[in-house]
Amino acid sequence: MKFISKFCWLFVGVLFIFSGLIKINDPVGTAIKLEEYFEVFSTDIAPFFKSFEPYSLFLSIFLSSAEIVLGVALLVRFRLKLVLWLLLIMIVFFTFLTFYSAWFNKVTDCGCFGDAIVLTPWESFTKDVVLLVMILILLFTQRYLPPFMRPASGAVITIITAALSVAVGWYAYEHLPYIDFRAYKEGNNIPALMKPSAPLRYKYIMTKNGEEEEFEEYPTDQTYTFKEMVAVNPEDGPKITDFNVWNDEGDFTQEVLSGQKLLIIVQSVAKAEQKNFESINKLVKAAEAAGITPMVVTSSSAQDFEVFRHEVNLAAPYYFGDGTVLKTIIRSNPGLLLLQDGTVMGKWHHNDTPEIEEVKELLAPEEK
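Using UniProt numbering, read the sequence shown as starting at 1 and increasing by one per residue.
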């Protein structure tokens, strides 16, 4: 039992730290996932969940930091009993979320490990059940985990961990994630990721006499009833399926993915920061002079954007894109994306708007 206790102690501590670090790397993405839960709960359970949406970013950084702090406190065995009870409360909460997602198929990706490791709802729920069991084991086997440092030392480590976690999360919010796990990261070619890496293969799920059977080819026996068709190699499918840019004149997706383009992404004018548009406008003019085409992409209506663009003096043609896709592309509103024939050459938060020299340096030598 002593071995089991120590294994659970190490496994739970490391996993909570890992999970928290992945989330704190992208606090905006975690906040978006929380907003999804609040939206679902406000509809299915009680309307008051909608009131939590404005605090999603705060909750994102707080919960992510709490995972890291509790994981570290567990490993250094600081206030072990209290830490285990707090871990239990947290994992019960997470288990409820993942069960609800799996059972009702509401939020298909819990965001447990951000965009780094995407789990299905049932995989997420299974993971949380395993952690719940391990934490319960730890609660009943604390005697095998005696303190190995002074309480004051444990307190100092825990406080420093908390301060660093919050600082790391806030910096990622004010700039961009330290590590980009999404399909639109620098170096990726968007057109290539819009195509499957290999032909998709399917299996057919059929029923007969109340029993299910699987077939690689559609059966000729008409006594079978078709239930569903499932891809057997979904990992070979397109990584990007919903990238589109348009305006009233038609589809401009291929135009965006050709040549040198500087995209100014304004996800929503209602939430867009205006403080750095002086730098953005300066870059837009310099890009035009350098032969780089600036294009604004927004999910707001034309009427709302017309008002906004005059407020910030943004002189560039604008197009429309899906709001969820724009949030996936860049965790900044507004944000900047440099493309060369569809390859992402650079990404910037509006707080880090570059000079034209930096933009030119990122383009291929033969295109300078």
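Just so you know, even glycine gets a beta-carbon here, dropped at the ideal spot from N, CA and C. Owing to the predicted nature of the structure, the values given are computational and were not obtained by experimental measurement.
Buried versus exposed call for residue i [16 or more other C-beta atoms within 10 Å across all chains shown]
i    : result
G291 : exposed
P27  : buried
I240 : buried
V232 : exposed
T43  : exposed
E367 : Low confidence applies to E367: its pLDDT is 47, below 50, so where it sits in the model is not reliable, and the reading given next is rough at best. Exposed.
A289 : exposed
I61  : buried
A287 : buried
Y218 : exposed
I91  : buried
L82  : exposed
D304 : exposed
I45  : exposed
F277 : buried
Proximity of residue i and residue j at Cβ, strictly below 9 Å
i    : j    : result
N333 : Q267 : yes
F78  : G154 : yes
I190 : T343 : yes
L283 : I356 : yes
D128 : L257 : no
L97  : I135 : no
L131 : S5   : no
V296 : I265 : yes
V168 : N25  : yes
S56  : E35  : yes
K23  : S64  : yes
V72  : I17  : yes
T141 : K2   : yes
E211 : I205 : no
Residue i in three-state terms, based on DSSP
i           : result
I160        : helix
E211        : strand
E366        : Since pLDDT at E366 reaches only 48, below the 50 mark, its modelled position is unreliable, and the value read off the structure follows with that caveat. Three-state DSSP puts E366 in a helix.
residue 387 : Shown here, the chain extends from 1 to 368; a query on residue 387 therefore has no answer.
G323        : helix
F226        : strand
Y204        : strand
A46         : coil
K261        : strand
H349        : strand
I330        : coil
D251        : strand
G13         : helix
T30         : helix
M295        : strand
V118        : coil
residue 375 : With the chain covering only 1 through 368, there is no way to say anything about residue 375.
T241        : coil
N189        : strand
V107        : coil
Q340        : strand
A272        : coil
A172        : helix
A231        : strand
Of the listed residues the options, nearest to residue i (C-alpha basis)
i           : options                : result
residue 369 : S258, P47, R201, S165  : The chain is shown only over 1 to 368; residue 369 falls outside these bounds and no answer can be derived.
E174        : F305, L131, W348       : W348
P177        : L262, L338, K327       : K327
D236        : E211, F226, T253, A198 : A198
K185        : F7, L337, P147         : L337
E311        : G323, G335, A270, F62  : A270
V76         : Y37, I137, F41, V14    : V14
D251        : Y318, D304, I205, E288 : Y318
I137        : L10, V107, E213, W170  : L10
W170        : T30, F104, L80         : T30
P54         : E39, T95, A66          : E39
I89         : L339, L70, V107        : L70
Whole-number beta carbon distance between residue j and residue i, since they are thought to touch under 8 Å
i    : j    : result
N247 : F320 : 6 Å
N313 : N281 : 6 Å
S301 : G323 : Going by Cβ atoms, the distance from S301 to G323 rounds to 11 Å, so no, they are not a contact pair.
P294 : A272 : P294 to A272, Cβ: 16 Å. No contact.
K208 : T223 : 6 Å
P234 : M194 : Actually they are not in contact, since the Cβ atoms of P234 and M194 sit about 16 Å apart, beyond 8 Å.
T161 : I68  : 6 Å
is_contact[residue i, chain C] using C-beta, thresh 9 Å
i    : result
E212 : Here chain C cannot be found, since the structure has a single protein chain.
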